[in-house]
Structures are given as structure tokens and as C-alpha cells.
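Reminder that position 348 of the sequence shown reads as 347 in the numbering used here, one-by-one numbering, no gaps.
Structure, as C-alpha cells:
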Amino acid sequence: MRLFLPLLVLFSLGAVAQQPPNIIYIMSDDHDADAISAYNKNLISTPHIDRLAKEGMLFRNNFVSNSICGPVRAVLLTGQFSHKNGVKDNRTRFDSSRLNLPKVFQQNGYQTALVGKWHLHSYPTGFDYWKILPGQGLYFQPRLISMQGDTSTYPGYATDVVTDEALQWLDKRDKNKPFALHIHHKAPHRNFLPTLKYLEVFSQKTFPEPATLYTDTTGKGSAWQIQTMSILRDLHLCSDLKVDPKFLEDLPEYKPAASEVNYYHATMNRIPEPERSRIKKLYEQRGLLLREKRPAGKELLRYKYQWYMQDYLACVASVDENVGRVLDYLDKNNLTQHTLVMYTGDQGMYLGENGWFDKRWIYDVSMQAPLLVRWPGKIKAGAVTRQLTQDIDYAPTLLGAAGIPAPEWMQGISLIPLLTKKVKSLERKQLYYHYYESYADHTVPAHLGLRGERYKLAYFYTLGYWELYDLKTDPYEQKNLAGSARHETIFRQLKQDLLRLRNQYDDHNPAGELN
């Protein structure tokens with residue numbers, strides 16, 4: 000294990016001229032890049048998150064290594080792929096006894112804190128202070144587990160409460176030491192439940208439909224045939240879209256299961272009055288429309304897509320508001336100039352593309368995650384990069400900003416040279432991906448692959464078939480070229496590249512050799 004001389008000791012020896020930067024890492028859950036106006040202005044305005052792009056760097060091609068909540072959080076803590084950090088799916092417990100990112104910060108004189116979603120089954124370690132949501136957390140009247148092990152209910156909305164707790168910690172911190180603060184939001188994870196003020200706005204909006212919303216998946220590969228993330232078929236009217244079950248119980252085509260009805264009432268009962276009644280009134284309009292028009296097929300998909308987007312984006316709006324609160328706090332407390340702020344989501348999210356919701360796939364919609372970094376005086380304002388970056392790079396980058404060498408066991412690279420324009424490009428031109436959870440939720444089969452600058456290769460090894468996409472001519476990844484004679488040479492080369500990456504990262508794929 001590499002040993003680090005605490006930076007505060009170096010200060011006293013005169014070896015460092017100034018205190019290293021403070022770090023604030025903000026991660027939301029399922030926040031797709033297209034739901035940030037710095038990336039896409041067609042869906043929502045996010046002025047506070049956009050501020051990070053205007054005053055820092057926006058990453059156009061940032062991706063994750065396993066597109067699912069828990070594993071991405073373990074990657075953040077370790078800078079390692081899932082097969083190395085041990086968390087391959089949402090059901091695996093993270094080994095908190097191991098050396099991790101916050102512990103390395105502590106060893107180097109930082110005070111560390113985490114507030115919000117944890118979702119790794121174990122309790123956090125390496126943090127001087129933590130307060131976490133149990134499991135996925137609740138939107139209204141959220142419960143939080145403290146370091147002392149007690150669980151308390153907090154009045155208010157989860158996104159606001161998490162920010163409140165984070166800012167309170169900032170007020171109470173040791174002002175003589177640099178800090179590394181993690182703010183992890185539940186929003187905008189399903190099942191979406193916005194605040195009244197944003198639901199009132201977004202429920203009146205109509206959003207553009209993605210080009211592939213009505214894609215016929217019958218001619219696609221077998222992985223597409225067995226998935227269960229269809230908005231039309233699998234997004235539930237009551238539990239997901241909050242249609243009051245009283246409007247549906249006598250309509251056979253819409254009649255909800257008892258579990259849906261129970262979930263709807265339990266969710267609504269957590270919202271305090273009078274907000275609850277006003278929210279329910281807005282959702283009643285959906286039930287009345289279903290009773291009046293009885294839509295089916297593409298027409299029903301059209302309505303369900305709009306309701307999905309209204310609720311999802313209303314949750315995003317609350318995240319943006321609270322990012323603004325954090326940035327305002329830094330401004331008011333003279334911390335802006337000496338604080339690096341990184342914002343990301345734990346992966347991408349299908350917003351109707353292919354007619355889907357959720358994530359998990361190696362396809363860009365799911366694999367891509369937003370990444371915006373502001374570091375005044377170090378990053379040129381308004382900078383944009385299209386270099387391929389990945390979640391394994393977050394930990395080495397945050398350590399690099401503090402002048403701390405990344406431990407040898409981290410598999411990512413520091414992006415500090417890219418952020419500070421010391422380099423314009425990265426030597427790494429392909430990213431490795433491996434999704435494991437398979438048939439547990441939404442029935443996406445396990446697969447591994449690579450994402451290059453132009454081509455993407457995926458191997459669904461439990462099904463025994465390949466997919467190859469040319470991202471230049473087919474950015475929506477609709478045409479599988481794996482069986483194309485014209486692409487045989489590139490297919491063979493990419494298979495060799497995938498084998499090389501698998502061996503480089505020491506991933507012992509259960510499928511054995513790549514055939």
C-alpha cells in the first residue's frame with residue numbers, strides 16, 4: 000500500500016505554498032445528459048447546473064463502466080471497475096473496510112463528508128461525517144440514517160433536505176482544513192414524485208418525441224426482445240405515472256394490480272396537506288383523460304411518454320434549484336475561488352428512445368453520463384471536451400486536483416491535465432464496459448463491450464451473440480453490423496481490442512474466451 004505524507008504536514012514544512020482546493024462532488028440519480036440544458040436545450044432549462052459549464056468544462060463524451068446505480072457508486076469510491084471493487088449489481092454489499100477515496104483524502108489532511116443516497120448496503124467509511132438515505136430513499140418526508148446508527152424522518156422534500164444537511168455540515172466544519180464533500184441526490188430516480196411547484200409547471204408542457212420513440216424492436220436482436228423497460232408495456236400507470244386508481248378500476252385494459260394501488264396510496268400519504276390534495280388534483284387529469292379517450296397502442300404510448308417526461312423533468316428541476324443553493328453558498332462564504340465542483344449523474348437514462356425508460360445497456364443513451372467540472376483559476380470558463388472519459392476516472396481526478404497521487408490499484412486516469420489544458424487529448428481511445436445484473440430487473444442480459452470514438456462492440460454472452468454499431472453513421476444505434484461482410488475486418492479488429500481491454504483490466508469474463 001502506498002503511503003502518503005499528509006498535506007497539512009507539508010504546509011508546516013513550507014513544501015506547499017497554499018492549501019489544496021476544497022472538493023464538492025454532486026451526483027444525482029438517473030440524471031440523463033439530455034435533461035441538462037448545457038447539453039440539450041429542447042427539454043428543460045437548468046441554469047444552475049449550466050453555470051458549471053459556463054464557468055468550467057463540459058464533457059461531451061463521458062461514460063460509465065456498468066450502467067446501474069450501486070456499481071457506479073462503488074466505482075466512484077475505488078476508481079476500479081466492478082469486477083475489481085466487488086459490486087457488480089445492486090444487490091451486492093460494498094466492502095467498506097477497504098481503502099477508498101475518502102480514506103485517501105483523510106490520510107492527506109482533508110475532512111470528508113457524505114450526505115444523501117448511498118445504496119451500497121454497508122455503512123460508509125472514510126467520512127468524518129455522513130448521513131444517508133436508506134436504500135433508494137423517499138421523496139417526501141425522507142428518512143436519513145446518521146453516523147450514530149439512528150434513523151429519523153425529516154420534514155420536507157428529499158432534494159431540499161439533502162442540500163440542507165450538506166450546507167449545515169459546511170457551516171460546522173473545521174475552517175482550517177480543506178474539505179471533500181459528497182452530495183448524492185435521490186432525484187430524479189423512479190418512481191418520480193416532484194414537488195407541487197414544479198409539477199404545476201411541467202404538467203402543462205408538451206415535450207418533443209425522440210426519433211426512435213415508436214421503433215419496432217421485433218427485427219432487433221434477442222436482447223431487445225426480452226427487455227422489460229418499454230414505456231408502453233412496462234411503465235405502470237399508478238405506481239410510475241401516479242394515475243389515481245379510482246379512475247381505472249372499472250377499465251379492464253388499465254386496471255392496476257393490488258400492489259400498484261397500495262404503492263400509490265402509500266406514496267401519496269407521505270405528502271403533507273394541502274400540497275397532497277393539489278398534487279392529486281393534477282394527476283386526476285390523467286385518469287380523466289384515460290376514461291374519456293381510452294387510448295391504446297401508439298396513442299397510449301404518446302400519453303405515457305409525456306407524463307413520464309413531465310414528472311421526470313419536474314424532479315430534475317428541483318435538483319437544479321439545489322445545485323444553485325450550493326453554488327450560492329460558496330459565493331456568499333468566499334469559497335468559490337478555492338473549490339472544485341464536479342457534477343454528474345450515476346449513469347444515463349432512457350427518455351423514450353427505443354420506446355424505453357431505465358438504463359443498463361452499453362448503448363450511449365444509457366452508458367453516457369453528464370460531467371461538468373468547475374475549478375476557478377484552473378479550468379478555462381466555457382471549455383468543452385469530446386475526449387472519451389469514464390467513471391473510473393473520477394477518483395483519480397479528484398485526488399489529482401488535491402495534488403495527491405492516485406493509489407496504484409485505481410484503474411482510471413486523472414483528468415487534471417485535460418481540465419487544465421496541459422493536454423488536448425487522451426491516449427486512451429476505447430472504453431471498457433461490463434454489465435452483470437442480467438435478468439433481475441428490466442431483463443437486460445449481461446454483456447460486455449467497448450466504446451471507441453467511432454465504433455461500439457457489444458457481446459451478449461449469455462445469449463451468445465454480438466452487436467456492432469457505427470456511431471458516425473448510426474448515432475441512435477439501430478443497425479447491427481456484426482453480420483455485415485463489409486464490416487468483417489473492423490469487427491475482427493474490435494474483438495481483438497475487446498480481448499486486450501479485458502486482459503488489461505484483469506476481468507475474468509464468465510463467458511470464457513470471446514468467440
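Yeah, the Cβ is synthetic: ideal placement off N, Cα and C, and Gly gets one too.
The structure displayed is predicted, hence computed values, not measured ones.
(request) Return the CA-CA distance between Met-146 and Ile-131, expressed in angstroms with no decimal places. (result) Approximately 9 Å between the Cα atoms of the pair.
(message) Any contact between the segment 105–119 and the segment 152–171? By contact I mean 3 or more CB pairs, one from each, below 8 Å.
(response) Inter-segment contact for the segment 105–119 and the segment 152–171 is present: three or more beta-carbon pairs are separated by less than 8 Å.
(message) So, with DSSP's three-state summary, where would you put Val-71?
(response) Helix at Val-71.
(request) State the CB to CB distance for the pair Ile-67 and Lys-279, rounded to an integer number of angstroms; the pair is presumed to be in contact (CB under 8 Å). (result) The beta-carbon distance between Ile-67 and Lys-279, rounded to whole angstroms, is 32 Å. This is too long to meet the 8 Å contact definition.
(request) Grab the span of the beta strand (DSSP E) containing Ala-186 for me, first residue to last. (result) Per DSSP, Ala-186 belongs to no beta strand (DSSP E) and is neither H nor E.
(request) Inspect the CB distances between the segment 218–233 and the segment 328–336 and report whether three or more fall short of 8 Å. (result) Because the criterion of three Cβ pairs below 8 Å is not met, the segment 218–233 and the segment 328–336 do not touch.
(request) Indicate the three-state DSSP secondary structure (helix, strand or coil) for Ala-14 in the structure shown. (result) A caution first: Ala-14 carries a pLDDT of 37, below 50, which makes its placement in the model too unreliable to give a value.
(request) Using a threshold of 8 Å, state whether the C-beta atoms of Leu-51 and Val-340 are closer than that. (result) Cβ distance < 8 Å, so Leu-51 and Val-340 count as in contact.
(message) Quick test of your reading: Lys-196 and Ala-157, contact by CB under 8 Å. State the CB separation rounded to the nearest angstrom.
(response) Going by Cβ atoms, the distance from Lys-196 to Ala-157 rounds to 15 Å, so no, they are not a contact pair.
(message) So, for Asp-173: in the same chain, excluding its five sequence neighbours on each side, which residues have a beta-carbon less than 7 Å away from its beta-carbon?
(response) Cβ within range, chain order: Gln-110.
(message) As a quick exercise: from Asp-239, Val-372 and Val-63, pick the residue whose alpha carbon is nearest that of Leu-519.
(response) Nothing in the structure corresponds to residue 519, since the chain is present only between 0 and 514.
(request) For Tyr-253, collect the residues of the same chain with a Cβ closer than 7 Å to its Cβ; drop the 5 residues on either side in sequence, then sort them by chain order. (result) When the five nearest sequence neighbours on each side are left out, the beta carbons in the same chain lying within less than 7 Å of the beta carbon of Tyr-253 are those of Leu-236, Leu-247 and Leu-289, in order along the chain.
(request) Would you mind listing the alpha helix (DSSP H) stretches within the segment 137–184 that are 4+ residues and don't spill past its ends, in chain order? (result) Counting only runs of 4 or more, we get 157–171.
(request) Take Asp-239 as the anchor and find which of Lys-219, Lys-245 and Tyr-262 has the nearest alpha-carbon. (result) Of the candidates Lys-219, Lys-245 and Tyr-262, Tyr-262 places its Cα closest to the Cα of Asp-239.
(request) Under the assumption that Lys-303 contacts Ile-230 (Cβ atoms under 8 Å), give the Cβ distance between them as a whole number of angstroms. (result) Their Cβ separation, rounded to whole angstroms, is 5 Å, which keeps Lys-303 and Ile-230 in contact under 8 Å.
(message) To the nearest angstrom, how far is the alpha carbon of Glu-426 from that of Thr-384?
(response) Here the C-alpha atom of Glu-426 lies approximately 14 Å from the C-alpha atom of Thr-384.
(message) Using only CA atoms, which one of Val-422, Thr-461 and Tyr-393 lies nearest to Ile-412?
(response) For Ile-412, the nearest C-alpha among the options comes from Tyr-393.
(request) Please classify Arg-450: does DSSP put it in a helix, a strand, or coil? (result) When secondary structure is reduced to three states using DSSP, Arg-450 falls in the strand class.
(request) Along the beta strand (DSSP E) that carries Ala-113, what are the first and last residues, could you check? (result) Here residue 113 turns out to be Leu, not Ala, going by the sequence shown. Run containing Leu-113: 110–116, per the beta strand (DSSP E) assignment.
(request) Taking only the alpha-carbon atoms, compute the straight-line gap between Leu-250 and Arg-293 and give it to the nearest angstrom. (result) In this structure, the CA atom of Leu-250 is about 9 Å from the CA atom of Arg-293.
(request) Report, in whole angstroms, the separation of the C-beta atoms of Asp-390 and Leu-449, which I expect to be a contact under 8 Å. (result) The pair is not a contact, with the Cβ atoms about 15 Å apart (cut-off 8 Å).
(request) Quick one: grab the DSSP three-state call for Trp-360. (result) Trp-360 falls in the coil class under three-state DSSP.
(request) Find the nearest neighbour of Gln-386 within the set Leu-137, Tyr-468, Leu-414 and Ile-25, judged by alpha-carbon distance. (result) Comparing alpha-carbon positions, the option among Leu-137, Tyr-468, Leu-414 and Ile-25 lying closest to Gln-386 turns out to be Leu-414.
(message) Quick check on the DSSP output: the alpha helix (DSSP H) that includes Phe-104 runs from which residue to which?
(response) Phe-104 -> alpha helix (DSSP H) spans 100–106.
(message) Going by DSSP, what residue range makes up the beta strand (DSSP E) through Val-260?
(response) That residue, Val-260, is in no beta strand (DSSP E); its alpha helix (DSSP H) goes 257–268.
(request) Give the straight-line distance between the Cα atoms of Arg-499 and Asn-190, rounded to the nearest whole angstrom. (result) The alpha-carbon atoms of Arg-499 and Asn-190 are separated by roughly 40 Å.
(message) Taking its Cβ as the centre, do 16 or more other Cβ atoms sit within 10 Å of Glu-272, making it buried, or is it exposed?
(response) Answer is exposed; the Cβ neighbour count stays below 16.
(request) Report yes or no: do the segment 348–365 and the segment 467–477 share at least 3 C-beta pairs separated by less than 8 Å? (result) Inter-segment contact for the segment 348–365 and the segment 467–477 is present: three or more beta-carbon pairs are separated by less than 8 Å.
(request) With a threshold of 16 other CB atoms inside 10 Å of the CB of Gln-367, please say whether the residue is buried or exposed. (result) Answer is buried; the Cβ neighbour count reaches 16.
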